[in-house]
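So the sequence shown is numbered by the numbering used here: it starts at 19 and just counts up by one. Heads up, the beta-carbon is just placed ideally off N, CA and C, and yes, glycines get one too.
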Amino acid sequence: MRVHMQRATLGSALALVLLVGLPVGAVGDERAGAVTTEPDDIAQLMQGIEGMRRLPVNGVQMVQSGERVFFVSTNGRYAFLGPAIDLWHGARLTSLAEADRLMGRIDRTRLKLDVRDLGALDLGAGAEEVWVFLDPHCPKCANLLDQLQALSPSQRAPYRVRLIPLGVLGQASLATAVRLNCLAESDPAAALEALLSHAFKTLPPAEGTCGQGALQRALVTAQLLGITQVPFLIAPDGRLHGGVPADLLAWLTGDA
């Protein structure tokens, strides 16, 4: 299911930092330093385009022309030359192949994110963490939860699946996520059981602002990570997957 969430400008800033060295139209501005690239040079690069990728940042595409890469705005008005660094991996983008590799995963150690602050409910106690962003009223999310529970004890033993409720499919989802979070503050086992069994009608009401803080942080995090559908999974090695994997166990082990 697609999630329609307001885009976060901060997420755009974090997703990719473009170190823009050469604006297309700037020629000979001493205050900005010497600029040697002319618009005609950009035109030549554009003629040799081998491929383009839309980056996980608002309004920017990466272009490869021969051995060079540069960046253009989605509407084609602006071009940016200079290095680009993926801060989430601490790596420079040097080719479309490298961009594809990095966009498909996240180095969670660099995020320094404690998912307990997002209301995560833990299924299992293994050493390898799997993060799952889900909506309590999402049928595909329910299917994923059923598949996780259907794994044998030995298959599930290596993993600690951290289930992060998002209320993104309407008011009912928001209300349920808040009630789950509120219950988890006093009885996380009961909240986990309610989520796994899809038993939301019997959840106790959330009084005051109980449960709202974790949900707000989870929603902001989802925006920053560019999550546009649920469920959304992050593997122990940082691989990303939107939707339910065709073979869950193979995906968990990295064989899919």
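Output the boundary residues of the beta strand (DSSP E) element that contains residue i.
| i | result |
| --- | --- |
| Leu111 | Taken as a continuous stretch (DSSP letters only), Leu111 belongs to no beta strand (DSSP E), as it is neither H nor E. |
| Pro183 | 177-183 |
| Val13 | The structure shown does not extend to residue 13, since the chain spans only 19 to 274, so no value can be given for it. |
| Ser69 | It is Gly, not Ser, that sits at residue 69 in the sequence shown. Looking at the DSSP string, the run of the beta strand (DSSP E) that includes Gly69 is 67-72. |
| Arg123 | First-last for Arg123: undefined, no H or E at that position. |
| Arg86 | 86-91 |
| Gly260 | 258-260 |
In angstroms, rounded to a whole number, what distance separates the CA positions of residue i and residue j?
| i | j | result |
| --- | --- | --- |
| Pro223 | Ser91 | 47 Å |
| Leu210 | Leu184 | 14 Å |
| Gly229 | Arg95 | 44 Å |
| Leu237 | Gln62 | 43 Å |
| Ala109 | Ile103 | 6 Å |
| Leu36 | Asn76 | Confidence is the limiting factor: at Leu36 the pLDDT is only 40, short of 50, which leaves the residue's position unreliable and the question unanswerable from this model. |
| Thr194 | Pro101 | 45 Å |
| Pro263 | Gln165 | 10 Å |
| Leu172 | Leu267 | Looking at the sequence itself, residue 172 is Ser, so the reference to Leu does not match. Cα-Cα distance, rounded: 11 Å. |
| Asp47 | Ala117 | Confidence in Asp47 is poor, its pLDDT being 44 and thus under 50, which makes the residue's placement too unreliable to answer from. |
| Ala232 | Ala97 | 40 Å |
| Asp205 | His216 | 17 Å |
| Arg174 | Pro74 | 32 Å |
| Ser30 | Gly272 | Below a pLDDT of 50, predicted positions are generally treated as unreliable, and Ser30, at 39, falls in that range; the measurement from the model is reported next regardless. Each residue's Cα considered, the two are about 29 Å apart. |
| Val78 | Leu169 | 41 Å |
| Leu120 | Leu243 | 13 Å |
| Ala207 | Leu99 | 52 Å |
| Phe89 | Trp269 | 33 Å |
| Val196 | Gly69 | 44 Å |
Quick one: is residue i buried, meaning 16 or more other Cβ sit within 10 Å of its Cβ, or exposed?
| i | result |
| --- | --- |
| Arg191 | The residue you asked about is not Arg; residue 191 is Ser in the sequence shown. Ser191 should be labelled buried. |
| Pro157 | exposed |
| Asn199 | buried |
| Asp153 | buried |
| Ala115 | exposed |
| Thr227 | exposed |
| Thr220 | exposed |
| Thr239 | buried |
| Gly137 | buried |
| Arg128 | exposed |
| Gln241 | buried |
| Ala253 | buried |
| Arg20 | With a pLDDT of only 47 at Arg20, under the threshold of 50, the placement of this residue in the model should not be trusted, and no figure is reported. |
Taking the alpha helix (DSSP H) that residue i belongs to, which residues open and close that run?
| i | result |
| --- | --- |
| Asp164 | 157-168 |
| Glu211 | 206-215 |
| Ala253 | Segment: none, Ala253 is in no alpha helix (DSSP H) and carries neither H nor E. |
| Gly226 | That residue, Gly226, is in no alpha helix (DSSP H); it is neither H nor E in DSSP. |
| Leu266 | 266-271 |
| Arg174 | 171-174 |
Under the assumption that residue i contacts residue j (Cβ atoms under 8 Å), give the Cβ distance between them as a whole number of angstroms.
| i | j | result |
| --- | --- | --- |
| Ile291 | Phe151 | No answer is possible for residue 291: it lies beyond the span of the chain, which begins at 19 and ends at 274. |
| Arg180 | Asp140 | 6 Å |
Excluding five sequence neighbours on each side, which residues of the same chain lie with their C-beta closer than 8 Å to the C-beta of residue i?
| i | result |
| --- | --- |
| Arg178 | Asp140, Leu141, Gly142, Ala143, Gly144, Ala145, Glu146, Glu147, Val148 |
| Leu213 | Leu139, Pro154, Leu163, Leu181, Pro183, Leu198 |
| Asp125 | Trp106, His107, Gly108, Gly256 |
| Gly122 | Arg257, Leu258 |
Counting only the same chain and skipping the five closest in sequence on each side, list residues whose C-beta sits under 7 Å from that of residue i.
| i | result |
| --- | --- |
| Val87 | Met80, Val81, Leu111, Thr112, Ser113 |
| Ala287 | There is no way to answer for residue 287, as the model of the chain reaches only from 19 to 274. |
| Ala202 | Gly137, Leu139, Ala209 |
| Phe250 | Phe151, Gly260 |
| Phe218 | Pro154, Thr194, Ala212 |
| Leu187 | Met19, Asp153, His155, Cys156 |
| Glu225 | none |
| Gln167 | Leu214 |
Kindly list the residues whose CB is nearer than 6 Å to the CB of residue i, restricted to its own chain and excluding five residues on each side of it in sequence; keep chain order.
| i | result |
| --- | --- |
| Pro176 | Gly144, Glu146 |
| Arg71 | Met80, Leu114, Ala117 |
| Ser83 | Leu63, Gly66, Ile67 |
| Gln189 | none |
| Arg235 | Asp135, Leu136 |
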